[in-house]
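A.B. asks: Once you've had a glance at the structure underneath, I'll fire off some questions.
Here it is in structure tokens:
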């Protein structure tokens, strides 16, 4: 990928770090990051479900829920963790019908949420719920389509569709599964998938198409998807004694 673009992405965390130390010190009362984060996270508790086609928990809600949980864990807000957990646990009982089926990337990425709950609570029921979503991304369904089978035969997820969104939505499930199990196959999958997406979607000017058949540049969106994924993947790499070989391909 473009070296200039990559350097920019790697500088972003450091720029934010220095900005926090210099420019982002004096927030008005009620507008500190802690206060805003708490307000957003607690608001989630009162929100209705955002369902995919009116049937299952959708990926926007999964993002929101995971963000609220990460905030609660980082802030050591035990009350918020408990309330987020209580809301989720309805998905094991009267709201079980809302658990997404495992037949599309938009639905499978839900698996990252129970795996996040496991990392916070160590309750095995979340692990048992989340891992099948990661595994089924690489297990061919009975009604697999020819192009999906082709992706699987190449070692990629059969859910691959070369949309820029999937650079996060496939890899987040696999990296979370790695953090939960320490099974290297999950991080291998995430890295291999990411390298292929970078090779296929990035243009000579350094920007990214939404998809090969949707030739619109998403510079701003890409500046969101890739850094989020990179931070997630980098956190996993910290737990690996030997730097993943595919990281060189991602970073070139």
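Residue numbers (the working numbering): 83 to 334. Here a beta-carbon is modelled for each residue, glycine too, at the ideal position from N, C-alpha and C. Note that the coordinates shown come from a computational prediction; the quantities given were computed from them, not determined experimentally.
Is the CB of residue 183 under 9 Å away from at least one CB in chain C?
C.D. replies: In the structure shown, chain C cannot be found, because there is only a single protein chain.
A.B. asks: Looking only at C-alpha atoms, which of 136, 134, 127 sits nearest to residue 148?
C.D. replies: Checked all of 136, 134, 127; the closest Cα to residue 148 is 127.
A.B. asks: For residue 182, which three-state DSSP category applies?
C.D. replies: Coil at residue 182, not helix or strand.
A.B. asks: Report the residue ranges of all beta strand (DSSP E) runs contained in full by the segment 115-152; include only those spanning at least 3 residues, in chain order.
C.D. replies: The segment 115-152 contains no whole beta strand (DSSP E) run of 3 or more residues.
A.B. asks: Under 8 Å by Cβ, that's how I've got residue 239 and residue 245 pegged, so tell me the actual separation to the nearest angstrom.
C.D. replies: Going by Cβ atoms, the distance from residue 239 to residue 245 rounds to 12 Å, so no, they are not a contact pair.
A.B. asks: Is the separation between the beta-carbon of residue 166 and that of residue 151 shorter than 9 Å?
C.D. replies: In this structure, residue 151 lies closer than 9 Å to residue 166 by Cβ.
A.B. asks: Below 8 Å, how does it come out for the segment 158-172 and the segment 221-230: are there three or more Cβ pairs, yes or no?
C.D. replies: Output reads no: the segment 221-230 does not touch the segment 158-172.
A.B. asks: By DSSP, does residue 196 sit in helix, in strand, or in coil?
C.D. replies: Here residue 196 sits in helix by DSSP.
A.B. asks: Quick check: residue 255 and residue 190, are their CB atoms within less than 9 Å of each other?
C.D. replies: Contact: yes.
A.B. asks: Is it the case that the Cβ atoms of residue 157 and residue 112 are separated by a distance below 9 Å?
C.D. replies: For residue 157 and residue 112, no; Cβs fall outside 9 Å.
A.B. asks: Which residues mark the beginning and the end of the beta strand (DSSP E) in which residue 238 is found?
C.D. replies: Careful: residue 238 lies outside any beta strand (DSSP E) and carries neither H nor E.
A.B. asks: How is residue 109 classed by DSSP in three states: helix, strand or coil?
C.D. replies: Coil at residue 109, not helix or strand.
A.B. asks: By alpha-carbon positions, which one of 286, 208, 279, 283 ends up nearest to residue 258?
C.D. replies: Measuring from the Cα of residue 258, the nearest candidate turns out to be 208.
A.B. asks: In three-state terms, what does DSSP make of residue 157?
C.D. replies: Correct three-state label for residue 157: coil.
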